[in-house]
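All you need for my numbering is the position in the sequence shown, starting with 1, plus 2. Each residue gets a CB set at the ideal place from its N, CA and C atoms; glycine is no exception. So the structure is just underneath, and the comments pick up after that.
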Amino acid sequence: MTAKTSIVVVTWQCADLLRGLVRSMNRHLSGEEQLVVVDNASSDDAECAAREWKGALDFVGLASNVGFGAANNLGVRRATGDGVVLLNPDTELVDSSLIGLVETALELGAIVGPRIVNPDGTIQASASGPEVGFWPWVRALVPGSIAPSAIARRTEPSRLDVRTEVTWLKGACLAGSRSMLRSLGPFDETIHLYGEDLELGVRALHAGIRSIYCPETCRIVHLGAGSSTVAFGSPEAWRAPAAVNWRDVLTRTYGPRRARRARRALVLNLALRSAAKRALRRSSARDRTALAAVRNAREIREPG
């Protein structure tokens with residue numbers, strides 16, 4: 003029997019996180035959903051964690067680490083549901099709203115994403131407006147916390163509580179129809195890790211496929227610092243390769259001139275945020291790390 007919903011999870015050295023995700027799925031989902039787990043040659047026992055799922059499981063253990071995007075593409079090809087969710091292993095469900103997200107994706111014929119929150123309930127930046135042109139400069143100069151909704155929908159749409167069309171959605175949780183995701187790839191397999199969600203969003207937009215942020219439909223928790231901490235040695239070290247990939251995606255999509263302007267806007271954004279936090283005697287360490295990564299990306303010619 004074909005499942006209505008398939009959930010695709012890619013793992014690498016994160017069996018404990020996968021186990022937590024599966025247990026949250028067991029609590030909140032019916033078990034009628036197909037779970038597809040693609041493991042990128044981990045040395046821990048991801049299959050054991052995946053087999054705690056109470057429903058149908060398709061586990062794929064790869065002989066080598068092919069990358070996040072390529073592994074997700076393989077998972078989508080093995081999915082049998084009409085709707086497919088791409089879900090990070092370091093996420094957890096808080097209710098059954100993931101099914102509503104899939105239904106919304108099928109209804110709209112779009113890529114859709116939920117509200118993503120930190121473990122303490124604060125909102126993560128999981129949706130973005132344009133990365134080039136006028137709006138990145140507005141984002142740099144107008145703090146999202148005071149921006150009117152008409153501006154926030156183009157600068158920091160994650161702050162909004164209503165459905166909003168955006169440029170791209172964070173890859174921690176995306177949903178779409180199986181046929182649409184397969185036609186898109188969905189991910190560019192030349193990108194090993196980081197930036198594949200940005201690339202998907204802008205490529206889908208150019209193909210006439212919308213990305214829609216749906217905070218009123220679904221909410222999930224994103225723990226973060228999963229495989230990236232193992233890969234790069236610290237919770238923040240991922241920012242350097244991510245900045246390089248961000249630059250390269252914008253360069254090949256919009257050209258080097260617009261990409262350089264986008265980088266300058268982002269540098270200004272991060273510098274102002276860091277200065278404001280220091281003035282308020284709040285920690286600005288993450289913003290300073292991100293700023294250094296974006297500045298250094300200018301000096302790196304090829305992706306890491």
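Buried/exposed call for residue i, threshold 16 Cβ in 10 Å
{"i": "P150", "result": "exposed"}
{"i": "C216", "result": "buried"}
{"i": "G203", "result": "buried"}
{"i": "A127", "result": "exposed"}
{"i": "E201", "result": "buried"}
{"i": "R156", "result": "buried"}
{"i": "S285", "result": "exposed"}
{"i": "A242", "result": "buried"}
{"i": "S98", "result": "exposed"}
{"i": "D163", "result": "exposed"}
{"i": "S44", "result": "buried"}
{"i": "E109", "result": "exposed"}
{"i": "A129", "result": "buried"}
{"i": "A177", "result": "buried"}
Rounded C-alpha distance that separates residue i from residue j
{"i": "F61", "j": "G135", "result": "43 Å"}
{"i": "T166", "j": "G257", "result": "27 Å"}
{"i": "A112", "j": "V168", "result": "11 Å"}
{"i": "N74", "j": "G187", "result": "9 Å"}
{"i": "R263", "j": "A239", "result": "24 Å"}
{"i": "I193", "j": "R205", "result": "14 Å"}
{"i": "T253", "j": "A261", "result": "5 Å"}
{"i": "V275", "j": "E133", "result": "The sequence shown places Arg at residue 275, not Val. R275 and E133: Cα-Cα distance of roughly 18 Å."}
{"i": "L143", "j": "L207", "result": "26 Å"}
{"i": "V12", "j": "G197", "result": "16 Å"}
{"i": "R161", "j": "A154", "result": "7 Å"}
{"i": "W14", "j": "F189", "result": "18 Å"}
{"i": "G306", "j": "S181", "result": "Unreliable placement is indicated for G306, whose pLDDT of 34 sits below 50; the coordinate value is still reported in the next sentence. Roughly 32 Å between the two C-alpha positions."}
{"i": "L195", "j": "A72", "result": "10 Å"}
Residue from the options with nearest C-alpha to residue i
{"i": "A17", "options": "G33, N42, S32", "result": "N42"}
{"i": "G173", "options": "A81, G210, P91", "result": "P91"}
{"i": "D84", "options": "R53, R184, G210", "result": "R184"}
{"i": "E94", "options": "G33, L143, A287, I118", "result": "I118"}
{"i": "H30", "options": "I101, A107, S147", "result": "I101"}
{"i": "I211", "options": "W170, Y196, G197", "result": "W170"}
{"i": "E191", "options": "V223, R266, G69", "result": "G69"}
{"i": "A267", "options": "V140, I222, G146, W55", "result": "V140"}
{"i": "E54", "options": "E158, M27, S45, G71", "result": "M27"}
{"i": "R25", "options": "N247, V40, G57", "result": "G57"}
{"i": "I125", "options": "P138, G131, S147, A107", "result": "S147"}
{"i": "Q96", "options": "L293, A209, I222, G33", "result": "Just to set this straight, residue 96 is Val in the shown sequence, not Gln. Closest option to V96, Cα to Cα, is I222."}
{"i": "V246", "options": "D289, L293, R283", "result": "L293"}
{"i": "L59", "options": "G226, E158, R280, C50", "result": "C50"}
Min CB distance residue i to chain D below 8 Å
{"i": "S285", "result": "Of the protein chains in the structure, only one exists, and it is not chain D."}
For residue j and residue i, believed in contact at Cβ under 8 Å, the rounded distance
{"i": "V269", "j": "R297", "result": "6 Å"}
{"i": "A81", "j": "S179", "result": "In fact, because the Cβ distance is near 10 Å, the residues do not count as touching under 8 Å."}
{"i": "P116", "j": "C175", "result": "6 Å"}
{"i": "I214", "j": "V104", "result": "That belief does not hold up - the Cβ atoms of I214 and V104 are roughly 13 Å apart, past 8 Å."}
{"i": "A299", "j": "R249", "result": "5 Å"}
{"i": "G77", "j": "V38", "result": "5 Å"}
{"i": "L89", "j": "V10", "result": "7 Å"}
{"i": "A48", "j": "L20", "result": "6 Å"}
Residues bridged to residue i [DSSP beta-bridge criterion]
{"i": "L88", "result": "V10, L176"}
{"i": "I2", "result": "One cannot answer for residue 2 here, as it falls past the ends of the chain, which runs 3 to 306."}
{"i": "H224", "result": "T93"}
{"i": "Q36", "result": "S8"}
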